[in-house]
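As structure tokens, the structure follows; a few thoughts come after it.
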């Protein structure tokens, strides 16, 4: 979260900040919030400081900036804050000179992010590639289709046909359980998949023949496939960056983070 509270803003505005924290806490395991709160955390008697500490305690947040960020000849204050959840690992915090643009120092923090474990996706599938037309014809010929002519209801006919057809597929291509730990790369389109299939066939051809011609063909297809993957990946990343749509860029950024294992909105732990 990034927040700015104007200097003359009433303390009651912290209620809006509390509502925002409540919403974020429901969909994320940790919170990182920074901004100019215009509440001096160096003061032990200020009402705003007490309310801020109470709000931090409510959401188990800690303030990690430990040095004044605005210093004058007669005062010093800490009003630019970095608030993090108790589980966030802070490696280092520091301030740096930003007087060319502000009378505040810039506050910085280095976080050690832990990549969440990617959950495997379980799916069911049938290996239809192993079925030949002759096998299907043989299985269909074994079925007694005569009962379907005795039905007077179309729904009953359809139900009988579906049941018989599923029986054939259950024998020829039974349902199997698969597991995938990585989401498919979105830039792998139909053309790239076709090249990958050609590359696999060329490799199998070389393994069976061990000929120099088969090896040369495999290398050519392999290089063309690698070039196509690089080209499609570059286009996939460049398109949002060159667009003028902030919404499209934000959506694409979320997709990239999920793809590499850093989801923007991770599921809350139980």
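Numbering (the working numbering), first residue to last: 50 to 319.
Note that CB positions come from ideal geometry on N, CA and C, so glycine has one too.
A quick note: this is a predicted structure, and the numbers were derived from the prediction, not measured.
### Query
For the alpha helix (DSSP H) that contains residue 321, what are its first and last residues?
No statement about residue 321 is possible, as the shown extent of the chain runs from 50 to 319 and does not include it.
### Query
Per DSSP, residue 139 is paired with what?
Along the chain shown, one-based indexing puts residue 139 at 90. Partner(s): 160.
### Query
Would you report the Cα separation of residue 280 and residue 72, rounded to the nearest angstrom?
Here residue 280 refers to the residue found at position 231 of the chain shown. Here residue 72 refers to the residue found at position 23 of the chain shown. Each residue's alpha carbon lies about 40 angstroms from the other.
### Same chain, Cβ closer than 8 angstroms to residue 225, neighbours up to 5 away in sequence not counted
In the chain shown, the residue the question calls residue 225 occupies position 176. Same-chain partners within the cutoff: 173, 174, 175 and 176.
#### Entry: Whether residue 243 touches residue 270 by CB criterion (8 angstroms)
Counting from 1 along the chain shown, the entry for residue 243 is found at position 194. Counting from 1 along the chain shown, the entry for residue 270 is found at position 221. No, these two residues do not count as a Cβ contact at 8 angstroms.
### Query
According to DSSP, is residue 251 helix, strand or coil?
As a first step, residue 251 must be located in the chain shown, where it is residue number 202. Three-state DSSP puts residue 251 in a helix.
### Query
By a C-beta neighbour count over all protein chains shown, 10 Å radius and 16 as the cutoff for buried, is residue 251 buried or exposed?
Taking the chain shown and counting its residues from 1, the one referred to as residue 251 is at position 202. Per the 10 Å Cβ criterion, buried.
#### Entry: Range covered by the beta strand (DSSP E) that runs through residue 76
In the chain shown, residue 76 corresponds to position 27, counting from 1. Premise fails: residue 76 is in no beta strand (DSSP E) and is neither H nor E.
### Query
How would you call residue 138, buried or exposed, if buried means at least 16 neighbouring beta carbons within 10 angstroms?
Counting from 1 along the chain shown, the entry for residue 138 is found at position 89. Exposed, because fewer than 16 other Cβ atoms sit within 10 Å of the Cβ of residue 138.
### Task
Please look up how many angstroms separate the CB atoms of residue 55 and residue 87, rounded, as I've assumed it's under 8 angstroms.
For this step, residue 55 is matched to residue 6 along the chain shown. For this step, residue 87 is matched to residue 38 along the chain shown. Confirmed, Cβ separation roughly 7 angstroms.
### Query
Are the CB atoms of residue 171 and residue 131 nearer to each other than 8 angstroms?
Within the chain shown, residue 171 is the residue found at index 122, counting from 1. Within the chain shown, residue 131 is the residue found at index 82, counting from 1. No, these two residues do not count as a Cβ contact at 8 angstroms.
### Query
Would a C-beta distance cut-off of 8 angstroms place residue 218 and residue 209 closer than the cut-off?
Against the chain shown, residue 218 aligns to sequence position 169. Against the chain shown, residue 209 aligns to sequence position 160. Contact flag unset, no.
### Task
Counting only the same chain and skipping the five closest in sequence on each side, list residues whose C-beta sits under 8 angstroms from that of residue 23.
Because the chain spans 50 through 319 in this model, residue 23 falls outside it and cannot be assessed.
### Query
Under the rule that 16 or more other beta-carbon atoms within 10 Å means buried, what is residue 274, buried or exposed?
Reading the chain shown from its first residue, position 225 is the one you call residue 274. Its Cβ being crowded by 16 or more others within 10 Å, residue 274 is buried.
### Query
So residue 117 and residue 127 are in contact, right, with Cβ under 8 angstroms, and what is the actual spacing, rounded?
Locating residue 117 in the chain shown gives position 68, counting from the first residue. Locating residue 127 in the chain shown gives position 78, counting from the first residue. The pair is a contact, with the Cβ atoms about 5 angstroms apart (cut-off 8 angstroms).
### Task
Could you confirm whether any beta carbon from chain D is found closer than 8 angstroms to the beta carbon of residue 74?
No chain D is present in this structure, which holds just one protein chain.
### Task
Starting from residue 131, follow its DSSP beta bridges and name the residues at the other end.
Indexing the chain shown from 1 puts residue 131 at position 82. Answer is 83.
#### Entry: Contacting residues, own chain, Cβ-Cβ under 8 angstroms from residue 142 (five flanking each side not counted)
Residue 142 sits at position 93 when you count from the first residue of the chain shown. Taking residue 142 as the centre and dropping the five residues before and after it, the same chain places the C-beta of 113, 114, 115, 131, 156, 157, 158 and 159 closer than 8 angstroms to its C-beta, in chain order.
#### Entry: Rounded C-alpha distance that separates residue 237 from residue 245
Within the chain shown, the letter at position 188 stands for residue 237. Within the chain shown, the letter at position 196 stands for residue 245. C-alpha separation (whole angstroms): 10 angstroms.
### Coil, strand or helix - residue 256 by DSSP
Reading the chain shown from its first residue, position 207 is the one you call residue 256. Helix, per DSSP.
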